[in-house]
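In the working numbering, the protein residues as written are -1 to 192.
All C-beta atoms, glycine included, are put in the ideal place defined by N, C-alpha and C.
Beneath this line is the structure, given in structure tokens, with notes to follow.
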């Protein structure tokens, strides 16, 4: 995730990164939400500072009941204002966080620009490209054929590019986790579950 200070000071760079990556995020809207958050946070902090001053003034008021009552009433009013502003502030903070998750990283200037994955350009090749006397299939097709993955259900549950491992694939993943855990235990790690 990009640093918010970087986005604030380089909005055009971030907009260009979003454009190049075909990301529809509205950076101007993100910055507007950020301004609203900053303004509301400042107001709440000023009210809390005023509350602290009132608390000290109440202590100093001594036996002057009228002054104490007036200060207490003002403190209650400030507390109610802060309480009424907090839901809006929390909603804005959450919205800003969700928008920040969508901001793309800045691509390297030497990276080729394309519309989608099909426009990817190989940078280098390693080894020899094997030849087969049959049509090779990708892992997606093989796992579907072997009933090891449920992509449709994964997308419905967790969103795009999600999947659910099942049958032998689920067992293989658990075996790999157990293998790694056993190795860590041999090195003195104590597993805990909460």
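Collapsed DSSP secondary structure at residue 11 in the structure displayed: helix
Continuous alpha helix (DSSP H) stretch holding residue 74: start and end: 63 to 100
Residue 188 - containing alpha helix (DSSP H), residue span: Careful: residue 188 lies outside any alpha helix (DSSP H) and carries neither H nor E.
Contact between the segment 76 to 94 and the segment 13 to 24 (3+ Cβ pairs under 8 Å): no
Coil, strand or helix - residue 166 by DSSP: helix
Distance, residue 70 Cα to residue 277 Cα: What the structure shows of the chain is the stretch from -1 to 192, and residue 277 is not part of that stretch, so it cannot be assessed.
Same chain, Cβ closer than 8 Å to residue 28, neighbours up to 5 away in sequence not counted: 5, 94, 97, 98 and 101
Assigned exposure category for residue 25 - 16 Cβ within 10 Å defines buried: buried
Beta-carbon spacing of residue 86, residue 45 below 8 Å: no
Own chain residues within Cβ distance below 8 Å of residue 73, not counting five before or after: 49, 52, 53 and 56
Close-in-space but distant-in-sequence residues of the same chain around residue 173 (CB under 8 Å, 5 per side omitted): none
Rounded distance between the beta-carbons of residue 146 and residue 164, thought under 8 Å: 6 Å
Selection from 2, 150 and 111 that minimises the alpha carbon distance to residue 20: 111
Where residue 24 sits in the DSSP three-state scheme: coil
Rounded separation between residue 179 and residue 148 - CA only: 27 Å
Helix, strand or coil at residue 31 according to DSSP, with G and I counted as helix: helix
Length of the line joining the Cα atoms of residue 66 and residue 88: 32 Å
Proximity of residue 104 and residue 11 at Cβ, strictly below 8 Å: yes
Reduced DSSP secondary structure (H/G/I, E/B, other) of residue 117: helix
Rounded straight-line distance, which links the Cα of residue 158 to that of residue 3: 29 Å
Residue 141 classed as buried or exposed, judged by whether at least 16 other C-beta atoms fall within 10 angstroms: buried
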